[in-house]
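Comments concern the structure below.
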Amino acid sequence: SVFLVMTNPYAHTIEPLDPQKPDHKFFNLKKLKDPRYDQLPFSIRVLLESAVRNCDGFLVKKEDVEKVLNWKVTQSQTVEVPFRPARVILQDFTGVPAVVDFAAMRDAVKKLQGDPEKINPVCPADLVIDHSIQVDFNRNLLSQLKMKTKTKDTKVHYLFHSSRSDSLQKNQDLEFERNRERFEFLKWGSKAFRNMRIIPPGSGIVHQVNLEYLARVVFEQDGYYYPDSLVGTDSHTTMIDGLGVLGWGVGGIEAEAVMLGQPISMVLPEVIGYKLQGTPNKYITSTDIVLTVTKHLRQVGVVGKFVEFFGPGVAQLSIADRATIANMCPEYGATAAFFPVDQISIHYLKQTGRDAEKLSYIEKYLKAVGMFRDYSNTAQDPQFTQVVELDLSTVVPCCSGPKRPQDKVAVSEMKQDFKTCLGAKVHQGFKGFQVAPERHDVRVPFQFNGAEYSLSHGSVVIAAITSCTNTSNPSVMLGAGLLAQRAVKAGLSVKPYIKTSLSPGSGVVTYYLKESGVMDFLSQLGFEVVGYGCMTCIGNSGPLPEPVVEAITQGDLVAAGVLSGNRNFEGRVHPNTRANYLASPPLVIAYAIAGTVRIDFENEPLAVNSQGKEVFLRDIWPTREEIQAVERQFVIPAMFKEVYEKVEKVNERWNSLKAPSDKLYTWDPSSTYIKSPPFFDGLTRELQTPKSITDAYVLLDLGDSVTTDHISPAGNIARNSPAARYLTSRGLTPREFNSYGSRRGNDAVMARGTFANIRLLNKFINKQAPCTIYLPTGETCQFSEFEIYTSPLLILAGKEYGSGSSRDWAAKGPFLLGIKAVLAESYERIHRSNLVGMGVIPLEYLPGDSTESLGLSGRERYTVIIPPQITPRMPVDIKLDTGKSFQAKMRFDTDVELTYFHHGGILNYMIRKMSEN
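Under this note's numbering, the first residue of the sequence shown is numbered 14, with each subsequent residue one higher.
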């Protein structure tokens, strides 16, 4: 680092932050004495500081610093700049395949006569295990088990007697039983690789733990202060932007390169200034605000851009509120959603028990370098590409759904909107279910625990308070608790067949819910703590009661899930809930009590209590002022300190896990969880010249908004699927299948799970099914039969291909199926970079072109001409066997991405680089 400072052309800007501590320095950007600096958006200042500090004339050049400093001009010129984030964060669904890749890369480097220990993170990497736990047990499943065992075994009956504590314990026990091998592998990784820290299962959700514990805000390392920044292998990494830490989600493949010291090559983004003003209505939650912002920014169009919040309304929002808005950044399509640090940020750091000495230098550094914000001071407002505004007083209570997070529905319009959705065509505005009018009011009776019930379209069968989006926010969690308290006192209850759950993002939530006295009331309504993790939001919702599933199937019902999550794409939450709505935690409880989404809360009672009294939602809904009073009293620093002081050691099961200490991993051929991937088979030191794609078949012809959940599901493995057949052939029973997300360390499972979503709509089939047409013969086949193709394969798609989670297996899986390119109208940012990372070519129709406008059936054979000299975003010729030809843009956006392509992918590039002497 001394050498880098000596060769850094900006070394003259280095000075001590405190003259009394001359060894603690920083790069003072004010000493650049450039008037452009004070006009830069605060998010761009973070990129500039990183470029100045890391300027070595090789990976980061002086010209790069000038490009960032000249942002006002260069923002519209598709200029490429390098960015070196301070750290990387991972969760276990993406972390396991990353560690698998690292282990395989060490093997590959050794084969090329390199030093395998060069494959090591050079920046801090935190991996939080939060995606593995499922809602296998909750109040209704426990009650069923209790009934089944009552006459057989009194000991078992006693075991299930107290469901409030049993659900959490049993889900955690089952999590370890299913995932022990994965956890042992991760523990090996934490020993074998430097700079990698594991936060054990049961600690919370990655982004909430990041917000409450891991975030530094300002780094102090190697004698230098600099802004905390990060990339993460989860698209909702942006949640940390709410605290003033610049971060966003990247593909797992790209994150691995960052961990190995490679800067991110990014197009310098435009920055949309989002001005907040006004004060929210006293009944409005932060969830209502974020769903309103999401729809608004989707309409503005912010894909690939930064959004930076400013204006007096920001001061009305707590850090938890800001983090909620920043969390859903992927749903409105931006790269980052930045709230610069202000005095409220410092107060939050105090509230969450951060060290007092660190707090002093955090504030001092940010003020010295011009990155500390006063939202009431308009003189601090930077220049933005564009400014859009939201008056917080105009926000109304709302949900989003039934199939996409950006489809906001005002609560007052939910009943009518669902009725419209029932009759609409399946892809009419992505909301329709195409149910015949005569079937809209069908009811299916069933028995549950000895009582008679009935289900209809819109019946709520899953109600989950889940996800870092909301469980990190004390205002909505305490709001849910106060509503539960008033509901119970009013004599209301939730029907027992509804699968209710509460999965907090950290132990702190449980702490303040108990201390404030609302936890018992939540439990009485069925919202007991079932685990600490993503759970229902990621698709780990677990089984529904059999009588409920039978009733849904019998009536072909559009049953509903209501969750306080951030994703509700088709097939994600549960196979039996075709309609899924995102809602605030209090609204989750309200819809659970009502038992249906077909209700107008303003004009219809929530329920009728045992005394025959109608109780309306407005009778029990708490105001913002009431919630804030409880929050001030019960959300205190001591809670955060107590929970996080022991977070890395408190899990006894994790502590007892044994893991090998070898630097090279010993692969177990019998393992169905961890397998050496074939990505580097046959890799040589020499580069292969990229070749044209000749006579490719189309594997799938897809429409708009195909998500990574469609491409590579994370949820349950269906018993009739190719992945299930593979696992059965390895001696496993269905109970041992676990989920696709948990199997991401095994390419044999994941290749067979590619496009396995039952809601996939392939135009070749013209119905929702996980299959396609084998074009040479016209036969219908499943995607595991990819071996029968000897020719290269293509995918045709519409707009927003690869929306949703930052899922590297959504690129790795198609790569293993033989997909050489995807031709789409547009791409989600992270998925496009994942395709590049795997050497799959992202082709984009020219403006105005599409599958339909060009008259493509998908049954043609395609030849994509790859010229010897390739430049970023260049058009290429595509010729069909019908004689037709057209052009498409090759979406390699930077020279660095072209380098990766020439190497066959980013990991191949890193292996060759690390194998050099």
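From the three backbone atoms N, C-alpha and C, an ideal C-beta is built for every residue, glycine too.
The structure presented is a predicted model; accordingly, all values stated were derived computationally and were not measured.
Asked: Whole-number beta carbon distance between residue 760 and residue 688, since they are thought to touch under 8 angstroms; Found: 6 angstroms
Asked: Beta-carbon spacing of residue 118, residue 132 below 8 angstroms; Found: yes
Asked: Separation of residue 356 from residue 174, as counted between CA atoms; Found: Bear in mind that a pLDDT of 29 at residue 174, under 50, signals an unreliable position, so the model cannot answer this.
Asked: CB of residue 413 within 8 angstroms of CB of residue 595, strictly; Found: yes
Asked: Simplified DSSP state of residue 139, which is helix, strand or coil; Found: strand
Asked: CB-CB length for residue 144 against residue 90, believed under 8 angstroms; Found: That belief does not hold up - the Cβ atoms of residue 144 and residue 90 are roughly 39 angstroms apart, past 8 angstroms.
Asked: Whole-Å CB distance - residue 776 paired with residue 717, under 8 angstroms assumed; Found: Not confirmed; about 12 angstroms, so no contact.
Asked: Inter-residue CB distance, residue 241 and residue 99 (contact presumed, cutoff 8 angstroms); Found: 6 angstroms
Asked: Range covered by the beta strand (DSSP E) that runs through residue 593; Found: 592-595
Asked: Residue 677 beta carbon less than 8 angstroms from that of residue 564; Found: no
Asked: Under the three-state DSSP convention, the category residue 910 falls into; Found: helix
Asked: Cα-Cα separation between residue 208 and residue 270, rounded to whole angstroms; Found: 14 angstroms
Asked: Own chain, CB closer than 6 angstroms to residue 690, minus 5 neighbours either side, in chain order; Found: 117 and 760
Asked: Cβ shell of residue 78 (< 8 angstroms), same chain only, five flanking positions each side left out; Found: 23, 61, 64, 65 and 68
Asked: Proximity of residue 598 and residue 475 at Cβ, strictly below 8 angstroms; Found: no
Asked: Option nearest residue 203 by Cα separation, candidates 261, 443, 267 and 111; Found: 111
Asked: For residue 194, the three-state DSSP class (helix, strand or coil); Found: helix
Asked: Pick from 383, 345 and 272 that is closest to residue 47, judged by C-alpha positions; Found: 383
Asked: Whole-angstrom distance between residue 816 and residue 562, CA atom to CA atom; Found: 29 angstroms
Asked: Contact check, residue 431 vs residue 471, beta carbons under 8 angstroms; Found: yes
Asked: Residue environment, residue 235, which counts as buried when at least 16 other CB atoms sit within 10 Å; Found: exposed
Asked: Contact under 8 angstroms by Cβ, residue 525 with residue 419; Found: no
Asked: Rounded straight-line distance, which links the Cα of residue 322 to that of residue 385; Found: 14 angstroms
Asked: Cα-Cα separation between residue 172 and residue 181, rounded to whole angstroms; Found: With a pLDDT of 28 at residue 172, under the threshold of 50, the modelled position of this residue cannot be trusted; read the value that follows with caution. Their Cα atoms are separated by approximately 13 angstroms.
Asked: Boundaries (first-last residue) of the beta strand (DSSP E) holding residue 261; Found: 259-262
Asked: Check: residue 927 C-beta below 7 angstroms from any heavy atom of the ligand GDP; Found: Absent from the structure shown: the ligand GDP. Ligands present: none.
Asked: Limits of the beta strand (DSSP E) - the one that residue 903 falls within; Found: 898-903
Asked: Alpha-carbon to alpha-carbon, residue 900 and residue 878; Found: 10 angstroms
Asked: Close-in-space but distant-in-sequence residues of the same chain around residue 404 (CB under 7 angstroms, 5 per side omitted); Found: 290 and 291
Asked: Proximity of residue 906 and residue 92 at Cβ, strictly below 8 angstroms; Found: no
Asked: Top-ranked residue by Cα proximity to residue 7, from 876, 453, 423 and 421; Found: Past the boundaries of the shown model lies residue 7; the chain is included only from 14 to 930, so the question cannot be answered.
Asked: Distance, residue 72 Cα to residue 347 Cα; Found: 26 angstroms
Asked: Beta-carbon spacing of residue 633, residue 507 below 8 angstroms; Found: no
Asked: Residue 186 - DSSP class collapsed to helix/strand/coil; Found: helix
Asked: Alpha helix (DSSP H) segment containing residue 724, residue limits; Found: 721-724
Asked: Spatial neighbours of residue 499 in its chain, beta-carbon cut-off 6 angstroms, leaving aside the 5 residues before and after; Found: 633
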